[in-house]
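In order, the protein sequences belong to chains A and B.
Last residue of the first sequence? That's 373 in my numbering, and every number before it is there in order.
Last residue of the second sequence? That's 587 in my numbering, and every number before it is there in order.
Cβ coordinates follow ideal geometry from the N, Cα and C atoms, glycine included.
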Amino acid sequence: MNQDRTAHENTFDALMEAAVDAIVLIDRNGTIERFSAAAEAMFGYEEGEVLGKNVKMLMPQPHRGRHDGYIRTYRETGRAGIIGHGREETALRKNGETFPILLTVGVFRQPDGRKFVGFIRDLSAARAAESRVRQLEARLANSDRMVALGELTAGIAHEINQPLTAISAYADAARAMMERDRKPSVDEMHFICQRIAEQSMRAAEVVRRMRKLVRGGSLVKGRHEINEIVRNVLLLFEHEVKNTNFTLEFKPATGLPQVYVDDIQIQQVLVNLVRNSLDALNEADCSEGQIVISARKEDSCLKISVADNGPGISEENREHLFDAFFTTRPQGVGLGLSICRRIATAHGGGLKYEPRPGGGSRFTLGLPLESIG
Amino acid sequence: MPTEPLVCIIDDDEAIRESLRLLLYAGDLTSCYFESADAFLEAGEIPPIDCMLLDIRMPGTDGLELFRILQARQLGFPVIFITGHGDIPLAVEAIKQGAYDFLTKPFGEGEIIGKVRAAIEDYRAGQQELAELQELRERVASCTPREREVMDLLARGLPNKGVADALGISPRTVEIHRANLMQKMAADSLPSLVRMVTLLESRSATQGPFGNSG
Numbered sequence: 001m002n003q004d005r006t007a008h009e010n011t012f013d014a015l016m017e018a019a020v021d022a023i024v025l026i027d028r029n030g031t032i033e034r035f036s037a038a039a040e041a042m043f044g045y046e047e048g049e050v051l052g053k054n055v056k057m058l059m060p061q062p063h064r065g066r067h068d069g070y071i072r073t074y075r076e077t078g079r080a081g082i083i084g085h086g087r088e089e090t091a092l093r094k095n096g097e098t099f100p101i102l103l104t105v106g107v108f109r110q111p112d113g114r115k116f117v118g119f120i121r122d123l124s125a126a127r128a129a130e131s132r133v134r135q136l137e138a139r140l141a142n143s144d145r146m147v148a149l150g151e152l153t154a155g156i157a158h159e160i161n162q163p164l165t166a167i168s169a170y171a172d173a174a175r176a177m178m179e180r181d182r183k184p185s186v187d188e189m190h191f192i193c194q195r196i197a198e199q200s201m202r203a204a205e206v207v208r209r210m211r212k213l214v215r216g217g218s219l220v221k222g223r224h225e226i227n228e229i230v231r232n233v234l235l236l237f238e239h240e241v242k243n244t245n246f247t248l249e250f251k252p253a254t255g256l257p258q259v260y261v262d263d264i265q266i267q268q269v270l271v272n273l274v275r276n277s278l279d280a281l282n283e284a285d286c287s288e289g290q291i292v293i294s295a296r297k298e299d300s301c302l303k304i305s306v307a308d309n310g311p312g313i314s315e316e317n318r319e320h321l322f323d324a325f326f327t328t329r330p331q332g333v334g335l336g337l338s339i340c341r342r343i344a345t346a347h348g349g350g351l352k353y354e355p356r357p358g359g360g361s362r363f364t365l366g367l368p369l370e371s372i373g
Numbered sequence: 374m375p376t377e378p379l380v381c382i383i384d385d386d387e388a389i390r391e392s393l394r395l396l397l398y399a400g401d402l403t404s405c406y407f408e409s410a411d412a413f414l415e416a417g418e419i420p421p422i423d424c425m426l427l428d429i430r431m432p433g434t435d436g437l438e439l440f441r442i443l444q445a446r447q448l449g450f451p452v453i454f455i456t457g458h459g460d461i462p463l464a465v466e467a468i469k470q471g472a473y474d475f476l477t478k479p480f481g482e483g484e485i486i487g488k489v490r491a492a493i494e495d496y497r498a499g500q501q502e503l504a505e506l507q508e509l510r511e512r513v514a515s516c517t518p519r520e521r522e523v524m525d526l527l528a529r530g531l532p533n534k535g536v537a538d539a540l541g542i543s544p545r546t547v548e549i550h551r552a553n554l555m556q557k558m559a560a561d562s563l564p565s566l567v568r569m570v571t572l573l574e575s576r577s578a579t580q581g582p583f584g585n586s587g
């Protein structure tokens with residue numbers, strides 16, 4: 001019997017030594033009883049440093065605070081979400097670094113009571129790879145858009161360049177004809193002038209068609225909760241913001257009436273505004289950048305603001321802010337805000353810029369509430 | 374110049390075709406035109422062209438493809454490509470393949486006429502030289518093998534005596550050959566004969582100056 005126990009213990013020690021995943025044994029109070037070699041490597045603690053301490057020390061806030069609750073619930077009800085299957089959690093290394101883990105917890109009985117064994121796998125490397133893939137995807141999507149825009153502008157440039165070429169060639173021919181000894185007749189000059197006029201109209205027509213194209217199709221309006229629209233926007237940026245020192249916060253207001261809008265277009269406006277804020281914070285290298293989206297009712301309007309504590313917009317740039325093709329960024333096309341304002345106007349609303357008190361930018365999208373119906 | 378030069382315009386844009394024609398007309402140049410490379414290829418008999426203004430981007434066979442076909446058919450007239458701003462890499466490629474020049478739309482004042490005239494002059498000068506070479510080769514062909522040998526040695530600066538020694542014939546015989554070949558070559562002096570031989574040598578990199586003489 002004794003020998004068996006020793007054999008068991010030896011096997012157990014070997015397991016604790018050799019297991020690739022970290023193994024942490026705790027008692028019913030959360031006190032650490034064993035800490036495997038892999039756990040030492042993963043968390044940076046020697047086993048001696050953690051034995052007898054509460055397992056909470058391996059968790060960052062806010063998980064740390066919840067853990068007592070989990071154990072209590074399990075003790076009282078026998079229910080635990082985590083027992084028997086894995087869950088992704090965040091853990092805390094000795095050096096203060098947090099990292100993603102896959103945690104699997106098993107329960108077993110010992111003479112001195114019920115114990116828990118946690119198997120922990122470090123997901124940092126897998127997450128980093130995933131994150132790289134996502135960033136790459138986002139960049140690709142962005143470059144796709146740039147390529148599409150580039151092709152569009154190249155096409156438009158060609159369409160306008162053709163009549164311009166003809167106009168300048170006609171004019172050049174007229175000039176050369178008048179310099180000759182045999183002067184051109186009135187009819188010949190009349191013919192050339194007419195051609196120049198025609199080609200000017202052709203160029204104008206291209207511009208007119210292009211405008212129509214950019215103005216886009218008609219709105220698809222419906223009743224929507226503004227909070228819902230904003231939450232969709234937050235979702236789009238969740239991953240990106242996580243990897244920065246910035247925060248993106250939504251301060252919803254309660255009791256807001258529904259708005260009658262094209263939700264995709266309103267979303268597009270907000271995405272643009274948040275994107276601009278993120279870019280501004282990134283460019284200014286803000287260490288504690290904040291972007292706050294807020295919604296409120298004001299008179300008969302619903303106002304949604306996107307504010308950041310970035311460098312803001314210089315006074316000289318403010319007046320051109322909403323002009324098409326105005327941009328301060330080397331890679332920018334300068335269409336974002338002009339399209340945003342057009343969308344706002346198409347909804348019977350508006351888009352305004354004001355400096356944020358205390359520094360930064362604040363864009364406010366106003367949507368009329370009486371347009372419901 | 375023997376005949377009126379003819380410029381051929383190939384562009385799918387009617388207004389550009391017409392304005393170019395007018396521009397060439399103002400510069401006293403006659404032109405013909407086609408709305409596509411395919412129309413040009415299907416046209417059959419075409420009078421000799423002195424210069425082609427060729428749009429690089431066209432539906433169907435594009436400018437570069439047509440240029441390759443022209444080269445394969447050894448039609449040596451200069452081709453000036455008409456390009457948009459985005460086509461410059463294409464145009465550079467065309468130059469590497471032997472196009473005469475390229476012009477970017479819209480054209481500068483007087484640019485078309487200037488480039489076209491230069492291209493025609495170069496082409497005609499080249500054509501004239503070719504014709505002269507052809508004539509010279511025919512004259513050489515009318516000489517006997519012995520006369521060609523004498524001509525070769527004279528062109529290298531040997532006196533009659535030297536030529537006679539080199540060929541193992543009498544100076545008197547050299548003199549007779551010399552008189553005959555000067556007449557056949559239509560050379561009025563020894564220096565003019567040397568110039569002819571030098572020209573033939575410079576244009577016959579792969580062959581001896583007198584073709585397959587020997």
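Backbone secondary structure at residue i - three-state DSSP
i             : result
residue 435/B : coil
residue 362/A : strand
residue 54/A  : strand
residue 448/B : coil
residue 303/A : strand
residue 425/B : strand
residue 158/A : helix
residue 206/A : helix
residue 547/B : helix
residue 542/B : coil
residue 69/A  : helix
residue 406/B : strand
residue 411/B : helix
residue 320/A : coil
residue 222/A : strand
residue 587/B : Low confidence applies to residue 587/B: its pLDDT is 34, below 50, so where it sits in the model is not reliable, and the reading given next is rough at best. Coil, per DSSP.
residue 279/A : helix
residue 531/B : coil
residue 369/A : coil
residue 308/A : strand
First and last residue of the uninterrupted alpha helix (DSSP H) at residue i
i             : result
residue 509/B : 484-514
residue 383/B : Where residue 383/B is concerned, there is no enclosing alpha helix (DSSP H), although the beta strand (DSSP E) it sits in stretches over 379-383.
residue 340/A : 336-346
residue 397/B : 387-399
residue 566/B : 563-575
residue 521/B : 518-528
residue 40/A  : 37-43
residue 463/B : 461-469
Interface partners of residue i on chain B, CB under 7 angstroms
i             : result
residue 158/A : 457
residue 199/A : 388
residue 337/A : Within chain B, no residue comes near residue 337/A; the closest Cβ sits about 28 angstroms away, beyond 7 angstroms.
Where residue i meets chain A, residues with beta-carbon distance less than 7 angstroms
i             : result
residue 400/B : 176
residue 426/B : By Cβ distance, chain A contributes nothing, its closest Cβ being about 11 angstroms from residue 426/B, past 7 angstroms.
residue 493/B : Simply none; closest approach about 17 angstroms.
residue 442/B : Going along chain A, no residue has its Cβ under 7 angstroms from residue 442/B, so there is no contact; the nearest lies around 25 angstroms.
9 angstroms Cβ cut-off: residues of chain B touching residue i
i             : result
residue 161/A : 457, 458, 478 and 479
Segment limits, beta strand (DSSP E) that includes residue i
i             : result
residue 260/A : 259-261
residue 113/A : 113-122
residue 244/A : First-last for residue 244/A: undefined, no H or E at that position.
residue 103/A : 98-110
residue 256/A : Where residue 256/A is concerned, there is no enclosing beta strand (DSSP E), given that its DSSP letter is neither H nor E.
Counterpart residues of residue i in DSSP-defined beta bridges
i             : result
residue 352/A : 364/A
residue 251/A : 294/A
residue 26/A  : 32/A and 116/A
residue 456/B : 477/B
residue 87/A  : 103/A
residue 270/A : Looking at the DSSP assignment, residue 270/A forms no beta bridge with any residue, so it has no partner.
Beta-carbon neighbours of residue i, restricted to chain A and to distances below 9 angstroms
i             : result
residue 396/B : 169, 170, 172, 173 and 176
residue 461/B : Chain A residues near residue 461/B: none, gap ~13 angstroms exceeds 9 angstroms.
residue 382/B : Residues of chain A passing the Cβ test: none, with the nearest at roughly 11 angstroms.
Contact list for residue i against chain B, beta-carbon separation under 8 angstroms
i             : result
residue 166/A : 386, 388, 389, 391 and 392
residue 192/A : 395
The ligand COA heavy atom lying under 7 angstroms from the CB of residue i
i             : result
residue 250/A : This structure simply doesn't include the ligand COA, nor any ligand for that matter.
Contacts that residue i makes with chain A (C-beta to C-beta distance below 8 angstroms)
i             : result
residue 483/B : 172 and 176
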